[in-house]
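**Student:**
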Amino acid sequence: MAAIDVRDLSRRFGSFLAVDSLSFQVQQGEIFGFLGANGAGKSTTIRMLCGLLRPSSGTALVGGVDVADDPEAVKRRIGYMSQRFSLYELLTVDQNIQFFGGIYGLTRERFAARRQFVLDMAGLHGRERTLTRDLPGGWRQRLALGCAILHEPPIVFLDEPTGGVDPLSRRQFWDLIDRMSDAGTTVLVTTHYLDEAEHCHRIAIIQAGKLAAIGTTTELKQAFRDRPIMEVQAAQPVAAMTALDALEEVEKTSLFGTSLHVVLRRADRAEEVITRALREAGVEVRQVSRVTPSLEDVFLDVVERTGAAS
Amino acid sequence: MIRTVVAVATKELHQILRDPRTLAILLLFPAFMLLIYGYALNFDLRDVRLAVQDQDRSTESRALVSAFTNSGYFQLVGYVDSDEEITALVNRNQARAVLVVPSRFEQDVRSRRPTTVQVIIDGDNANTASTVMGYAQAIVAEFSTAISLRATPLNSPRASIALEPRIWYNPQLRSTLFLVPGLIAFISMVTAVVSTALSVVREKERGTMEQIRMSPIGPMSFVLGKTLPYLALSFVAALLILVTARILFDLPMRGSWVLLCGSILLFLIGAQAQGLLISSIASSQQVAFQVALLSSFLPTFILSGFIFPLSSMPVVVQGISHIVPARYFLVVLRAIVLKGAGLAAVWEQLVWLAVFSTVALALASLRLRREWS
Numbered sequence: 005m006a007a008i009d010v011r012d013l014s015r016r017f018g019s020f021l022a023v024d025s026l027s028f029q030v031q032q033g034e035i036f037g038f039l040g041a042n043g044a045g046k047s048t049t050i051r052m053l054c055g056l057l058r059p060s061s062g063t064a065l066v067g068g069v070d071v072a073d074d075p076e077a078v079k080r081r082i083g084y085m086s087q088r089f090s091l092y093e094l095l096t097v098d099q100n101i102q103f104f105g106g107i108y109g110l111t112r113e114r115f116a117a118r119r120q121f122v123l124d125m126a127g128l129h130g131r132e133r134t135l136t137r138d139l140p141g142g143w144r145q146r147l148a149l150g151c152a153i154l155h156e157p158p159i160v161f162l163d164e165p166t167g168g169v170d171p172l173s174r175r176q177f178w179d180l181i182d183r184m185s186d187a188g189t190t191v192l193v194t195t196h197y198l199d200e201a202e203h204c205h206r207i208a209i210i211q212a213g214k215l216a217a218i219g220t221t222t223e224l225k226q227a228f229r230d231r232p233i234m235e236v237q238a239a240q241p242v243a244a245m246t247a248l249d250a251l252e253e254v255e256k257t258s259l260f261g262t263s264l265h266v267v268l269r270r271a272d273r274a275e276e277v278i279t280r281a282l283r284e285a286g287v288e289v290r291q292v293s294r295v296t297p298s299l300e301d302v303f304l305d306v307v308e309r310t311g312a313a314s
Numbered sequence: 437m438i439r440t441v442v443a444v445a446t447k448e449l450h451q452i453l454r455d456p457r458t459l460a461i462l463l464l465f466p467a468f469m470l471l472i473y474g475y476a477l478n479f480d481l482r483d484v485r486l487a488v489q490d491q492d493r494s495t496e497s498r499a500l501v502s503a504f505t506n507s508g509y510f511q512l513v514g515y516v517d518s519d520e521e522i523t524a525l526v527n528r529n530q531a532r533a534v535l536v537v538p539s540r541f542e543q544d545v546r547s548r549r550p551t552t553v554q555v556i557i558d559g560d561n562a563n564t565a566s567t568v569m570g571y572a573q574a575i576v577a578e579f580s581t582a583i584s585l586r587a588t589p590l591n592s593p594r595a596s597i598a599l600e601p602r603i604w605y606n607p608q609l610r611s612t613l614f615l616v617p618g619l620i621a622f623i624s625m626v627t628a629v630v631s632t633a634l635s636v637v638r639e640k641e642r643g644t645m646e647q648i649r650m651s652p653i654g655p656m657s658f659v660l661g662k663t664l665p666y667l668a669l670s671f672v673a674a675l676l677i678l679v680t681a682r683i684l685f686d687l688p689m690r691g692s693w694v695l696l697c698g699s700i701l702l703f704l705i706g707a708q709a710q711g712l713l714i715s716s717i718a719s720s721q722q723v724a725f726q727v728a729l730l731s732s733f734l735p736t737f738i739l740s741g742f743i744f745p746l747s748s749m750p751v752v753v754q755g756i757s758h759i760v761p762a763r764y765f766l767v768v769l770r771a772i773v774l775k776g777a778g779l780a781a782v783w784e785q786l787v788w789l790a791v792f793s794t795v796a797l798a799l800a801s802l803r804l805r806r807e808w809s
């Protein structure tokens, strides 16, 4: 049985369809990335999956429980953490942990063990009496995660968990997520950092409330198997861009630092086509090479194509 | 349920204790307001400075002067001889009233001829002047009654009948005794409504509300846990006002403490429910603060009978005053504190207080429940 099983899930706000017949499954222990532009429907979906918002139609089973039937039972099975949530800043580390132990109804023995776990995990030993306000961002983030999983939920929702945190802390944070996943916890995470999304086992991209693409990163990058991305180093990048855009074989061009990324409609003779076109235009070519698509390429591609279709 | 309530209440208490300003405002501000209002809202006149022009210089005239000075309302600043001196004293504000006793005063009194004494009053403050005039009339009337009784034998049929004003519970008509219970109601109302109104909207603003809604805790536990610490604090603040009033203004306590505390709690619960309702509707702390202040300050000040008697208001306004909880609480408070009234005398007002609290609580929890899911 899937940890999260979403079928034809929709949510309407008045005449606005925020989520449009979304269907996907997340397996137990999986790290599932949820990508989409702001307003694409990510948060609405998460709020439905957490039992905060009733679906307009469709079903969503979280931990085997229908979110529309028993939102309270869903809430007991999940942990939730968001970048916006900054704990209670005027409380100490220990007081925050105590509060979450209290509202999740942990017994005394279990609380003692879990408190140790959180302090270990977040590296907060010796800082128990520090005000949360005074903690550096990375620590605060790990403490927030610790509080969200204090009751050992089998499913965890992370809504843009790493906003405003330095790269080292982000790396440490993802190590924690990997460990949770290894221990069998299902993690659904939204993020704007596409390099982070590479950590996910599978990724769903939603656009205008619809599922635009789903799969592993390798699967998603297959979209570029027959449409090579070429990196072009030229003396006059802007002139090169104009020349290439005129070609029938070229799908699109974009500036990438000092070089140019060119997406072609066909995989064969890519290098040759570009070099010839530029030479004819009188642009000096320094280097042309095929690059592996990044998740960012995939994301922008999906967003542009579904955006053009709708 | 109880454990989650305790968890929320503990958290709230930790937060309050961490924020000394809020704590100080909650506990000390009420007593401070009592000090200011208690002294400022004093309608009494004591020790009105009195000069005397005694043209008779007799036993009877001296008796009249002592009647004035012994009343406690007047303080003798000196004797004057000429009209010029009177003008000078009044102009320099050294005397607010001058008693002029005519010559032949004793002779007239003893021969039971009608006679007149003159009181000159500084009229720059009309209210004060009319109060002083009232005092003077009362003293003179009393004095004249005493004389006519003394002059007529016991068997005389024409004993003079004078109106004898006797005011119960506040024989000296000290307005503070009347005002302090009102102040207690007023101050408790404002602090309870404002503090509770801020408490929920603060979590909404910070985003912590979202986190709590993701947890299995229900809205009732959350609200109970959040308001209990404020209820306790407001209660302590109300008791502090009472103690301050006893020390500074000699407020008596003639009734039962249990009944008083019960009434205060009932009133505070209603005030907190009102605050909760505001908090569940308002989108920001600023809005919540303004609405809370307006909805508690003005009605309690104007429509409760705190200062302005309700009976002299237009019927429509009197009708509106029925939804102001302080109106009922004030009657209860004055009855218990000043008259020593028991439950039998105040139950009706308490029922209305309970009705207000229940309705406000129901509205607040309905509203919160709707927002919760």
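Chains B and L, in that order, are what the protein sequence lines are. Heads up, the working numbering is the position in the first sequence plus 4, with the first residue counted as 1. Heads up, the working numbering is the position in the second sequence plus 436, with the first residue counted as 1. We treat Cβ as the ideally placed atom computed from N, Cα and C, and that holds for glycine.
(1) Classify Asn591/L: buried if its beta carbon has 16 or more other beta carbons within 10 angstroms, exposed otherwise.
(2) So with Cβ pairs under 8 Å, would you call Leu53/B a contact of chain L?
(3) Please identify the residue among Ala208/B, Ala243/B and Glu202/B whose C-alpha is closest to the C-alpha of Val287/B.
(4) Can the beta-carbon of Ile522/L be found less than 8 Å from the beta-carbon of Gln491/L?
(5) Buried or exposed, going by whether 16 or more other CB atoms sit within 10 Å of the CB of Val768/L?
(6) Tell me which residues of the segment 83-97 of chain B have at least one Cβ-Cβ distance to chain L shorter than 9 Å, keeping chain order.
(7) CA-CA distance, Leu713/L and Ala800/L?
(8) Going along chain B in order, which residues have a C-beta closer than 9 Å to the C-beta of Pro665/L?
(9) Within its chain, find whatever has a CB closer than 6 Å to the CB of Val442/L; leave out the 5 residues flanking it on each side and keep chain order.
(10) Can you check DSSP and say which residues form a bridge with Phe733/L?
(11) Give me the chain B residues within the contact set of Asp455/L, using Cβ-Cβ distance strictly less than 9 Å, ordered along the chain.
(12) Taking just the CA atoms, how far does Phe744/L sit from Val616/L?
(13) Identify, in the order they occur along the chain, each residue of the same chain with its Cβ nearer than 6 Å to the Cβ of Ser740/L, setting aside the five sequence neighbours on each side.
(14) Could you list which residues in chain L have their beta carbon closer than 8 Å to that of Glu156/B, in chain order?
(15) Under the DSSP definition of a beta bridge, which residues are partnered with Asp812/L?
(16) In chain order, what residues of the same chain lie with their CB nearer than 7 Å to the CB of Leu224/B, ignoring the 5 residues before and after it?
(17) Can you tell me where the alpha helix (DSSP H) with Lys662/L in it begins and where it stops?
(18) How would you label Trp693/L, buried or exposed, when you count the other beta carbons within 10 angstroms and need 16 or more for buried?
(19) Please confirm if Leu56/B has its CB atom under 8 Å from at least one CB of chain L.
(20) Going by DSSP, name the residue or residues bridged to Gln237/B.
(21) Mind checking who Ser716/L pairs with in its DSSP beta bridge?
(22) Which residues of chain B have a Cβ atom closer than 7 Å to the Cβ of Arg528/L, listed in chain order?
(23) Please confirm whether Pro59/B and Arg15/B have their CB atoms less than 8 Å apart.
(24) What residues are listed by DSSP as bridge partners for Ser61/B?
(25) I'd like to know if the segment 93-100 of chain B and the segment 687-703 of chain L are in contact, where contact means that at least 3 CB-CB pairs between them fall below 8 Å.
(26) Name the residues in the segment 638-650 of chain L whose C-beta lies less than 8 Å from a C-beta of chain B; which are they?
(27) What does Thr632/L reach in chain A if we use C-beta pairs closer than 8 Å?
(28) Do you know how far the Cα of Lys447/L is from the Cα of Leu110/B?
(29) Using 8 Å as the threshold, is the C-beta distance between Thr166/B and Gln87/B below it?
(30) What are the boundary residues of the beta strand (DSSP E) that Asp544/L is part of?
(31) Closest Cβ-Cβ distance between Gln451/L and chain B: below 8 Å?
(32) Are any of the Cβ atoms in chain B nearer than 8 Å to that of Val442/L?
(33) Measure the C-alpha to C-alpha separation of Gly62/B and Thr195/B and round it to an integer number of angstroms.
(34) Show which residues of chain B have a CB atom less than 7 Å away from the CB atom of Ser439/L.
(35) Look at Leu162/B and Val122/B and say whether their C-beta atoms are less than 8 Å apart.
(36) Report the neighbours of Lys775/L on chain B: residues whose CB is nearer than 9 Å to its CB, in chain order.
**Tutor:** Concretely, from the data shown:
(1) The predicted model places Asn591/L with a pLDDT of 46, which falls under 50 and marks its position as unreliable; any figure quoted below should be read in that light. Counting the other CB atoms within 10 Å of its CB gives Asn591/L a total below 16, which places it among the exposed residues.
(2) Chain L contact via Cβ: absent.
(3) Measuring from the Cα of Val287/B, the nearest candidate turns out to be Ala243/B.
(4) For the pair Ile522/L and Gln491/L, the CB atoms are not nearer than the 8 Å cut-off.
(5) Buried, by the Cβ-count rule.
(6) Here the close residues are Gly83, Tyr84, Met85, Ser86, Arg88, Phe89, Ser90, Leu91, Tyr92, Glu93, Leu94, Leu95 and Thr96.
(7) Ala800/L has its alpha-carbon roughly 4 Å from the corresponding atom of Leu713/L.
(8) Neighbourhood of Pro665/L in chain B, by CB distance below 9 Å: empty, with the nearest CB roughly 14 Å away.
(9) Sequence-distant Cβ neighbours of Val442/L in its own chain, meaning closer than 6 Å and more than five residues away, do not exist here.
(10) According to DSSP, Phe733/L bridges with nothing at all.
(11) Within 9 Å Cβ-Cβ: Leu94.
(12) Answer to the nearest angstrom: the Cα atoms are 14 Å apart.
(13) Within the same chain, and ignoring the five residues on either side of Ser740/L in sequence, the residues whose Cβ sits closer than 6 Å to its Cβ are Val760, Ala762, Arg763 and Leu766.
(14) Chain L residues near Glu156/B: none, gap ~14 Å exceeds 8 Å.
(15) The structure shown does not extend to residue 812/L, since chain L spans only 437 to 809, so no value can be given for it.
(16) Residues Ile207, Ala217 and Val302 of the same chain have their beta carbon placed closer than 7 Å to that of Leu224/B, with the five preceding and five following residues left out of the count.
(17) For Lys662/L, the enclosing alpha helix (DSSP H) covers residues Pro655 to Phe685.
(18) Exposed, because fewer than 16 other Cβ atoms sit within 10 Å of the Cβ of Trp693/L.
(19) With 8 Å as the cut-off, Leu56/B counts as an interface residue toward chain L.
(20) Under DSSP, Gln237/B forms a beta bridge with Gln291/B.
(21) Here Ser716/L is not bridged, per DSSP, to any residue.
(22) Chain-order list of chain B residues neighbouring Arg528/L: empty, with the shortest C-beta distance near 59 Å, by a criterion of under 7 Å.
(23) Contact flag set, yes.
(24) Beta-bridge pairing links Ser61/B to Ser14/B.
(25) Taking a contact to require three or more Cβ pairs closer than 8 Å, the segment 93-100 of chain B and the segment 687-703 of chain L do not qualify as touching.
(26) Taking 8 Å as the upper bound on Cβ-Cβ separation, chain B lies near residues Arg642, Gly643, Thr644, Glu646, Gln647, Ile648, Arg649 and Met650 of the segment 638-650 of chain L.
(27) No chain A is part of this structure, whose protein chains are labelled B and L.
(28) In a straight line, the C-alpha of Leu110/B is about 16 Å away from that of Lys447/L.
(29) Note that the C-beta distance between Thr166/B and Gln87/B is below 8 Å.
(30) In the DSSP assignment, Asp544/L falls outside any beta strand (DSSP E) and within the unbroken alpha helix (DSSP H) covering Phe541 to Arg546.
(31) With its beta carbon less than 8 Å from one in chain B, Gln451/L belongs to the interface.
(32) Taking Cβ atoms only, chain B reaches closer than 8 Å to Val442/L, which makes this a yes.
(33) For Gly62/B and Thr195/B, the distance between alpha carbons rounds to 25 Å.
(34) Correcting the residue type first, residue 439/L is Arg in the shown sequence and not Ser. Here the neighbours are Gly106 and Gly109.
(35) Contact flag unset, no.
(36) Neighbours of Lys775/L on chain B: none; closest Cβ ~45 Å, over 9 Å.
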